[in-house]
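Going by this note's numbering, 194 is the number at position 193 of the sequence shown; the sequence numbering is gapless.
Let me begin by presenting the structure, written as structure tokens, before commenting on it.
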Amino acid sequence: MEIVKGGVTAAKGFEAASTAAGIKYQNRTDMALVYSQVPCVTAGTFTTNLVKAAPVKWDKQVVDSGKKSQAVIVNSGIANACTGAEGFGYCQETAKAAADCLQIDAEGVLIGSTGVIGKQMPIGKLTAGIEAMAGKKNSSLTNGTEAAKAIMTTDTCEKELAVTIQLGGRTVTLGGMAKGSGMIHPNMCTMLAFVTTDAVITKEALQKALSEDVTDTYNMISVDGDTSTNDTALLLANGMAENPLIEYGTEDYQEFKKALHVINEYLAKKIAGDGEGATALFEAKVVGADTKEQAKTLAKAIVCSNLTKAAIAGHDANWGRILCAMGYSGAQFDPEKVDLYFESKAGKIQIIENGAAVDYSEEEATKILSEPEVAAIADVKQGNQTAAAWGCDLTHGYIDINADYRS
């Protein structure tokens, strides 16, 4: 496996474009197009929130139908959530506009929206944006990066990655882009993720690869504990690598899934580290667990604790908050056996042993916790299972961004 330059346009046959449609933001791009030269097998996972945005309902319908897709239309600024039949109708109009401009099947057009909930989409601006993008789409890596920038809301940077693997003597490429900064919580979030690949793969294998991997990547991040109405992860495969057909459970499937995991984990961590107002990516790693589920439950509890997140913001080794979060997680463990460490590029330090504080240097701990990426490692000494979850510190900046986000 090799990490290569690019994002959604890295794989053969994929093109992208972006434009400034003026949907909410001024003086910046706010629409993106991802296009495949040939129809793609598609897979998707979506928010677990009962309140689902119109694009989520639309995309789920497309993915479940088995129809192939050639285009994804994404806008930022307005979420098209809680907009009723009118909002869903705008999805239909968006798909039709894309079909007309790109000469593709409207029933396979996928849609992503992110932004303010409750506002109706200015459909005229949206369709004008589609027409503009259709005229300037291309397969350049630059266009892929610009598409990643266009889907940002409160994100501070674009998020993209691409990798290649060798399957059956053919080079297979996967590339992805994502956005997400707030309303982020395990079981998907206000994140949009789009992964493209030129692999030849069955729909069953594609969907299972995505569904299985999401549980260890996007579902293991949290910024603020809010599960969004719009979260969507889509995976499109156009088959242009001409590798032998990948079927579920085969060796090639496992290799494909490993590559997909690299993309998804990278994007998930970038989302967590770019949380609204955040200054640090915070990783919680649980080791020595009896089961994978126990490890995941404990790790999630740590990164979701606002008190712990605030301590990370203050570079304060307040380990009691971590042990407390583990205790209310619902997972069973013996608190008097837990060892806890903090780690970053500045070093690693043990904070507690067998549930009690050790003699450590507060100054050294603060130095370790002052890095832009920090980790808490909890060893519960029950087995050999591990899990990691990712979040960020909680700063005053989070309130500054969200107090007047709508207005």
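We put the CB at the ideal spot given by N, CA and C, even for glycine.
Check: Compute the beta-carbon to beta-carbon distance between Gln-71 and Ser-37, rounded to the nearest angstrom, for a pair I have assumed lies under 8 Å.; Outcome: 5 Å
Check: Which of helix, strand or coil does DSSP assign to Cys-190?; Outcome: For Cys-190, the predicted structure reports a pLDDT of 47, less than 50, and the residue's modelled location is therefore unreliable. The matter cannot be settled from this model.
Check: Alpha carbon to alpha carbon, how far is Ala-206 from Val-215?; Outcome: 14 Å
Check: Going by other Cβ atoms of all chains shown within 10 Å of its Cβ, with 16 needed for buried, is Gly-119 buried or exposed?; Outcome: exposed
Check: Could you pull out every residue in the same chain whose Cβ sits closer than 6 Å to the Cβ of Ala-135, ignoring the five residues on either side in sequence?; Outcome: Cys-102 and Leu-103
Check: Counting C-beta neighbours from all protein chains within 10 Å, is the total for Gly-250 16 or more, i.e. buried, or is it exposed?; Outcome: exposed
Check: Alpha carbons only, please: which of Ile-4, Arg-29, Val-52 and Ala-404 is nearest the one belonging to Gly-278?; Outcome: Ala-404
Check: Suppose you measure from the CA of Ala-300 to the CA of Glu-294; what does that come to, to the nearest Å?; Outcome: 10 Å
Check: Per the contact definition of three or more C-beta pairs closer than 8 Å, is the segment 318-331 in contact with the segment 353-362?; Outcome: yes
Check: Residues bridged to Met-178 by DSSP?; Outcome: Glu-161 and Phe-195
Check: Any chance you could list the alpha helix (DSSP H) runs of at least 4 consecutive residues sitting entirely within the segment 199-255, in chain order?; Outcome: 204-215
Check: For Arg-171, which of helix, strand or coil comes out of DSSP?; Outcome: strand
Check: Kindly list the residues whose CB is nearer than 6 Å to the CB of Thr-198, restricted to its own chain and excluding five residues on each side of it in sequence; keep chain order.; Outcome: Ala-12, Leu-175 and Ala-238
Check: Measuring alpha carbon to alpha carbon, tell me which of Ala-281, Ala-332, Ile-131 and Trp-320 ends up nearest Ala-290.; Outcome: Ala-332
Check: Taking just the CA atoms, how far does Ser-362 sit from Lys-53?; Outcome: 48 Å
Check: With DSSP as the reference, please indicate the residues paired to Lys-286 in a beta bridge.; Outcome: Ile-378 and Ala-389
Check: With DSSP collapsed to three states, give me the class of Pro-40.; Outcome: strand
Check: Could you tell me the alpha carbon to alpha carbon distance between Thr-155 and Gly-170, rounded to whole angstroms?; Outcome: 42 Å
Check: Helix or strand or just coil, what does DSSP make of Gln-351?; Outcome: strand
Check: Does the distance from the C-beta atom of Gly-85 to that of Gly-116 stay below 8 Å?; Outcome: no
Check: Note down the Cα distance separating Glu-3 from Val-164, rounded to an integer number of angstroms.; Outcome: 5 Å
Check: In its own chain, which residues sit with a C-beta less than 7 Å from the C-beta of Lys-338, not counting the 5 before and 5 after it?; Outcome: Asn-355, Gly-356, Val-381 and Lys-382
Check: Would you mind stating whether Met-32 and Ala-200 have Cβ atoms separated by less than 8 Å?; Outcome: no
Check: Do you know offhand how far Glu-243's Cα is from Thr-203's?; Outcome: 13 Å
Check: For the beta strand (DSSP E) containing Leu-341, list its first residue and its last residue.; Outcome: 340-345
Check: Apply the 10 Å Cβ neighbour rule to Ala-358 and answer buried if 16 or more other Cβ atoms are within range, or exposed otherwise.; Outcome: exposed
Check: Would you call the segment 107-114 in contact with the segment 56-65, where contact means no fewer than 3 C-beta pairs closer than 8 Å?; Outcome: yes
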